[in-house]
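Here the structure comes first, spelled out in structure tokens, and everything after it is commentary.
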Amino acid sequence: MKLTILGSHGPYPGVDGACSGYLVEDNDINILLDCGSGVISRYQKYHDLKDLKYIILTHLHSDHMADMLVLRYALDIMMKKGYIDQPVTVYCPDEPSKIVEELRFNNVFKIKYIDDELKLKIGNFTITFKAMVHPVKTFAVKFSDGDKTFVFSSDTIYNDQLVSFASNSDLFLCDGNLLNGEKGPHLTAKQAAEISKAAHCKKLVVTHLWPQRLMEEYEKEVSEVVNDATIAKPFDVYHV
Ligand SMILES: [Zn+2]
209 MKLTILGSHG PYPGVDGACS GYLVEDNDIN ILLDCGSGVI SRYQKYHDLK DLKYIILTHL
269 HSDHMADMLV LRYALDIMMK KGYIDQPVTV YCPDEPSKIV EELRFNNVFK IKYIDDELKL
329 KIGNFTITFK AMVHPVKTFA VKFSDGDKTF VFSSDTIYND QLVSFASNSD LFLCDGNLLN
389 GEKGPHLTAK QAAEISKAAH CKKLVVTHLW PQRLMEEYEK EVSEVVNDAT IAKPFDVYHV
């Protein structure tokens, strides 16, 4: 499978930046994982919007879903012009309900809810979920192709569930928004590295980066715990 970083900023995009958005591909399947500000523009560098069939939203904070609101318009026009004849399937939490309602615009999305029991089969992928700890209902997600696994933490504070869910993953993409000593509803880069180490992940990529911070600050903190971790950069590609 292949992961492409479309956007790695949070909670807002910096200059020429984009918020949470990742393209997960295997053979002819492509899945958009999160859809924050700027992500739809970048998705189109790789695929036409008519090839977008599946979207997973790990939670309904704006920096993970804001572009869904403009994607609604794009799909509505495409449907009316006959460019597409099916809604895009969207997997997301069932709350906040006000935001779920925003996604019901003209039935351009077929909405399905995520919970810990959901197990999706899309192409070669088996996709599972685990509830995290964040101010709104949020899920970490795991993609397995039968051989390799890729885990995305989404947004969370430290919790043991994430260590077991990420266990032995080949690629672990983890929230590391904060630096050691800072407080907020996110992991620090150091905690991301500690979780990766405790879970024996083979490769860590730290994401959800505050645009005003030097990337070197994240790199320094992570490198104190694990070797060979990287900080997510737009358009970087990871083959898993
Ligand atoms: Zn969030």
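Under the working numbering, the first residue of the sequence shown is numbered 209, with each subsequent residue one higher. For every residue, glycine included, the Cβ atom is placed at its ideal position computed from N, Cα and C. Treat the numbers as computed from the prediction; the structure is a model and nothing was measured.
Beta strand (DSSP E) segment containing residue i, residue limits
| i | result |
| --- | --- |
| V239 | First, the residue type needs correcting, since residue 239 is Ile and not Val in the sequence shown. Where I239 is concerned, the enclosing beta strand (DSSP E) stretches over I237 to L241. |
| V445 | V445 to H447 |
| F373 | Unbroken run through F373 is the alpha helix (DSSP H), D368 to A374; no beta strand (DSSP E). |
| K338 | F333 to A339 |
| K329 | K327 to I330 |
| V349 | F347 to S352 |
| G451 | Shown here, the chain extends from 209 to 448; a query on residue 451 therefore has no answer. |
| L417 | First-last for L417: undefined, no H or E at that position. |
| D378 | Taken as a continuous stretch (DSSP letters only), D378 belongs to no beta strand (DSSP E), as it is neither H nor E. |
Cβ-Cβ distance between residue i and residue j below 8 Å
| i | j | result |
| --- | --- | --- |
| D234 | N332 | yes |
| R280 | V316 | yes |
| G244 | D224 | no |
| L417 | I403 | no |
| A397 | V414 | yes |
| D284 | N238 | no |
| F347 | I322 | yes |
| V448 | F360 | no |
| P419 | G290 | no |
| D363 | H269 | yes |
| K441 | S216 | yes |
| I213 | F380 | no |
| K391 | V433 | no |
| L311 | V298 | yes |
| Y446 | L211 | yes |
| L412 | A401 | yes |
| G229 | N385 | no |
Residue i in three-state terms, based on DSSP
| i | result |
| --- | --- |
| E303 | coil |
| Y220 | coil |
| E390 | coil |
| V433 | coil |
| K356 | coil |
| K169 | The structure shown does not extend to residue 169, since the chain spans only 209 to 448, so no value can be given for it. |
Span of the alpha helix (DSSP H) around residue i
| i | result |
| --- | --- |
| L211 | That residue, L211, is in no alpha helix (DSSP H); its beta strand (DSSP E) goes K210 to G215. |
| I403 | A397 to A406 |
Distance cut-off 7 Å: residue i Cβ against heavy atoms of ligand 1
| i | result |
| --- | --- |
| D368 | no |
| H217 | no |
| H267 | yes |
| D363 | yes |
| H447 | no |
| H272 | yes |
| H255 | no |
| H342 | yes |
Cutoff 8 Å: residue i Cβ touching any chain D Cβ
| i | result |
| --- | --- |
| D378 | Among the chains in the structure shown there is no chain D, since it carries only a single protein chain. |
Which full runs of the alpha helix (DSSP H) of 4+ residues lie inside the stretch 242-318, going along the chain?
247-251, 270-273, 276-288 and 305-310
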